[in-house]
Structure formats: structure tokens, C-alpha cells
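Residue numbers (the working numbering): 46 to 475. Note that beta-carbon positions come from the ideal geometry of N, C-alpha and C, so glycine has one too. Here the structure is a predicted model, which is why all the values come from computation and not from measurement. For reference, the structure discussed in these notes is given below.
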Amino acid sequence: MNPRLLAHDLLQKAEKTEQFSNIALDKALLDAKMSDIDSALASALFYGVTEKKITLDYRLAALSSRPLDTLDKSVLCALRMGLYQLEFMDRIPAHAAINETVSLCSRKSAGFVNAILRSHTRTAATPLPSKEDDTISYLSVKYSIIPALCEKFLSVYGLEKCESIFTALDKTPPTTLRVNTLRISREALAEKIPSAELTELSAHGLKIKASVRSAYGFDDGLFFVQDEASQLCVEALEANAGETIMDICACPGSKSFGSAIRMNNQGKILSYDLHEKKLSLITSGAKRLGIDIITTAQRDGRDFLPEMEESADKVLCDVPCSGFGVLAKKPELRYKDPSVSATLPDIQLAILENACRYVKRGGRLVYSTCTVFPEENEENVHRFLDRHNNFSLTPFCAGALTVDSGMITLLPDEHGTDGFFITVMTKKGE
């Protein structure tokens with residue numbers, strides 16, 4: 046299948062559904078069975094246009110004689126694809142970008158699309174909104190993030206830090222692997238994958254540019270995909286051989302896998318998730334990796350299991366969150382209004398308060414999210430501690446990080462990871 050046609054089809058479908066972009070793309074590429082080169086082009090176009098949609102529409106609006114919201118979605122998606130190639134893909138010649146885009150269009154719309162794209166090549170770029178006089182619009186257009194979300198970031202981090210974070214989020218993130226050290230060392234696997242680079246913070250990670258499934262060792266279970274921040278979260282849990290671990294919101298399973306490897310596949314891990322259909326991801330992943338200490342079950346993290354009270358040495362709560370730390374990997378979140386996440390802190394707190402009942406005295410409780418806003422992170426932790434004086438913040442080490450305060454927000458511009466929050470607490474007692 047033509048990679049541009051695949052990207053065009055996916056972009057149109059994305060306008061109608063709320064499926065995460067990575068899930069939609071992975072399924073489409075698997076069905077299309079394209080070469081690595083064509084898959085890379087389709088991925089770059091789909092992710093790139095999704096990520097830059099506001100920026101592209103701002104420039105297209107200045108070129109088009111017709112309001113963009115009156116255009117057929119297939120035409121608008123084609124225009125975005127063409128402009129994205131002209132603006133952000135230097136290796137594609139302008140004539141090729143235009144001609145290939147026009148070929149996606151019907152005879153009726155081809156002339157219109159051709160005229161706009163050629164006009165762009167002859168016209169100076171439309172100036173951005175004023176940074177001083179209209180800061181929110183400036184941020185929104187430059188970084189392609191809806192105004193409400195820009196305003197939220199700005200209120201938390203201030204303009205300078207906000208732009209630093211957004212600039213980091215604009216960079217295409219590498220694929221990060223967690224090496225299965227039950228089977229191979231990190232250094233040995235790095236030698237087998239030409240593009241591999243060692244992660245700086247995690248002692249068990251590799252960053253690669255190759256396709257995951259085609260990379261050396263995938264079928265043999267030598268690694269699994271896990272961002273470096275998530276790897277550090279597992280290190281903060283400090284699961285040890287022979288212990289009982291509970292992973293409350295476990296799917297797709299990377300933290301359970303990482304914990305099992307730390308435990309040398311000795312002990313017991315109970316991996317729970319609300320969505321029963323997702324549990325097969327943990328089961329199949331564990332089998333590929335040669336891990337047999339994980340037991341899965343469908344559970345609502347807010348529902349108490351009396352028989353499990355004070356049964357776990359360590360409990361991990363990687364709770365459902367707004368996801369605003371992973372905009373680089375899930376670009377559709379750039380267009381999510383933060384107000385729709387207003388109820389999440391209470392849900393997260395309910396899960397945490399339930400999970401704490403499973404921790405043995407002297408045991409460890411880790412709370413984490415992949416967002417960067419305080420109401421889901423440190424504010425929630427303080428709410429919890431105010432209600433549970435039998436828990437206290439605990440200094441911890443995770444890879445190259447030493448966190449004396451017991452909590453840390455990882456940021457893409459500072460740490461080179463996903464935006465991520467980790468807190469470690471200890472239950473008082475023995």
C-alpha cells in the first residue's frame with residue numbers, strides 16, 4: 046500500500062474516533078505489510094500531521110480562499126499532509142510533496158489543493174501571533190497545543206519553562222527498551238542492535254531507532270518496550286527476589302515485567318487491571334520474556350480485597366491519569382482539554398487509599414503518573430498523607446537519580462524522558 050495513502054486514510058479516521066494514534070498506526074502497519082522504509086514514511090506523516098495540526102491549519106487558513114471548516118475532511122487532511130512535507134520534511138523535494146499529495150485527491154479537489162500548496166512555496170510564512178500581546182495564541186500556534194492546555198502549562202510552569210518543555214515535546218522521541226537481563230546483558234544486546242544507545246538514567250535501558258519487531262532479540266524475549274521514566278519507577282519500587290508485589294493498574298505490563306526481572310523471576314507478582322481484555326498483553330508478554338511469577342486478574346483498583354490486607358511487601362499504583370507528560374508519543378493529547386480530567390485526582394486518591402491497605406508494615410508504596418500537573422501528583426500525595434499518618438515519604442534512588450524528598454517530577458527538557466511523577470512512601474511498623 047502507498048504510505049501516503051495509508052497516512053491519509055488514518056488521518057481521516059482520526060478525525061472521527063478517539064483511538065490513541067499509536068494503536069491505530071500499529072494496527073494499520075501490521076495489516077499493510079509494508080517495507081520498513083514505507084512504514085517509516087507513513088509513520089512520519091501520520092504522527093507529524095497529528096502533532097502539528099494547529100500550526101498547519103494556521104498557515105493553511107492564510108492561504109485558502111475558503112474557510113477550513115467548510116472543506117471536506119479528505120481535502121483538509123491532504124492539505125495538511127502536503128504542507129507538513131513542505132515545511133518539516135527537508136528530504137522530500139517540493140515538487141514530489143505537491144504531486145504526491147495531489148494524487149491523493151479527487152479530480153474535483155485536485156486543482157484547489159495544487160494551487161494552495163504551490164502558493165505556499167511562493168509566499169512568506171505567516172507571522173506567529175505576538176508572544177508579548179497574545180501569549181496563549183503564540184504558544185498554541187507555535188507548538189500546536191490547544192489554548193486551554195497552553196494556559197494550564199503556563200499557570201504551572203511560567204513562560205520560559207513552558208517553552209522549554211514544549212520544545213522538548215516537539216522532538217521525535219526514540220524508542221526505549223528495557224533489556225531482559227534474565228537472558229542477556231545490556232551491553233551484549235547493544236552490540237547486536239546497530240542503532241542502540243545506552244540510556245543515561247536507567248542502568249537497564251537502550252534507545253533505538255530501528256523497528257521494535259524487526260530489532261534483534263524481540264522474538265527471543267531479550268527486551269520489551271518501556272520508557273526510561275517508567276524503568277526508573279520500577280527501580281524506585283525496589284522489588285527483591287522472594288517478595289510479594291502488587292501492581293494495581295498493571296496493563297500493558299511493563300512495570301510488572303521489570304519488577305520480575307529485578308526479582309530474578311523469584312517471588313510473586315499480582316498484576317491487576319480494570320480492563321480484562323488487556324490482561325492478555327501481560328500474559329503473552331511474560332511468556333515471551335520467560336517470566337512465570339506473574340498472576341493476572343481483573344480488579345477495580347478502588348475495590349478492597351479483605352483477604353489481601355497487609356499481604357504485599359511492596360505495592361505499585363501507576364494510576365490512570367491525564368497523560369499530559371507523554372504528548373511527544375501521543376500527539377492527539379495536544380488537543381485534549383485539561384478540564385475533562387478534573388475528576389481524575391479523586392479517582393487516583395481512591396485507588397491509592399485502597400492500595401495502601403495491602404502493604405505490609407514496613408513495606409513500600411509507590412504512586413506514579415505520566416502527567417506533570419500538581420493536582421494529580423504532589424497535591425494528591427499530600428492529601429493521602431494527611432489522611433494516613435501511618436505512611437511517610439521515603440528518600441529513594443532510581444538508576445542515576447537520588448531523590449531525597451521522596452517524590453520527583455521528571456520532565457522531558459530536564460531528564461530526556463516522558464513527563465512522569467514518582468513518589469515512594471513507607472508504611473510505619475516493623
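- In summary, F349 is exposed, with fewer than 16 beta-carbon neighbours lying within 10 Å of its beta-carbon over all protein chains present.
- Put simply, the backbone Cα of F465 is about 14 Å away from that of V448.
- The beta-carbon distance between I293 and A443, rounded to whole angstroms, is 19 Å. This is too long to meet the 8 Å contact definition.
- The beta carbon of V186 sits closer than 7 Å to those of I99, T100, Y103, L173, P174, all from its chain and outside the five residues before and after it, given in chain order.
- The beta carbon of E208 sits closer than 6 Å to none of the beta carbons in its chain outside the five residues before and after it.
- Within the same chain, Cβ atoms closer than 6 Å to the Cβ of L74 are found at S84, the five residues on either side in sequence being excluded.
- Checking the DSSP bridge columns, you'll see M134 has no partner listed.
- Nearest C-alpha to K359 among M291, D431, D54: M291.
- Here C296 is near L324, since their CB atoms are less than 8 Å apart.
- For a cut-off of 8 Å, the C-beta gap from N225 to F269 is around 7 Å, short enough to register as a contact.
- Here H249 is buried. Its C-beta has 16 or more other C-beta atoms within 10 Å.
- Residue burial annotation: I68 is exposed, with fewer than 16 other C-beta atoms found within 10 angstroms of its C-beta.
- Around A373, the same chain offers L214, P218 as residues with beta carbons nearer than 6 Å, after the five sequence neighbours per side are excluded.
- Bounds of the beta strand (DSSP E) holding Q343 are 339-343.
- In the structure shown, F349 falls within a coil segment according to DSSP collapsed to helix, strand and coil.
- One Cα belongs to K206, the other to D382, and the distance between them is close to 21 Å.
- For the beta strand (DSSP E) assignment, the uninterrupted runs of no fewer than 3 residues enclosed by the segment 391-424 are, from N- to C-terminal side, 404-414.
- The Cβ atoms of A123 and V94 lie no closer than 8 Å to each other.
- C-alpha of V279 to C-alpha of G312: approximately 16 Å in a straight line.
- From the listed residues I190, D391, S256, F211, the smallest Cα separation to L456 is found for F211.
- The segment 336-347 makes no contact with the segment 140-160: fewer than 3 CB pairs, one atom from each, lie closer than 8 Å.
- Within the model, the alpha-carbon separation for E420 versus P390 is close to 7 Å.
- Per DSSP, the beta bridge partners of L455 are F465.
- Boundaries of the beta strand (DSSP E) around G250: 250-253.
- By the CB criterion at 8 Å, A274 and F441 fall outside the cutoff.
- Going by DSSP, R152 is part of the alpha helix (DSSP H) stretching over 152-167.
- Here DSSP, grouped into helix, strand and coil, assigns A284 to coil.
- Note: E145 is not bridge-paired with any residue in the DSSP secondary-structure output.
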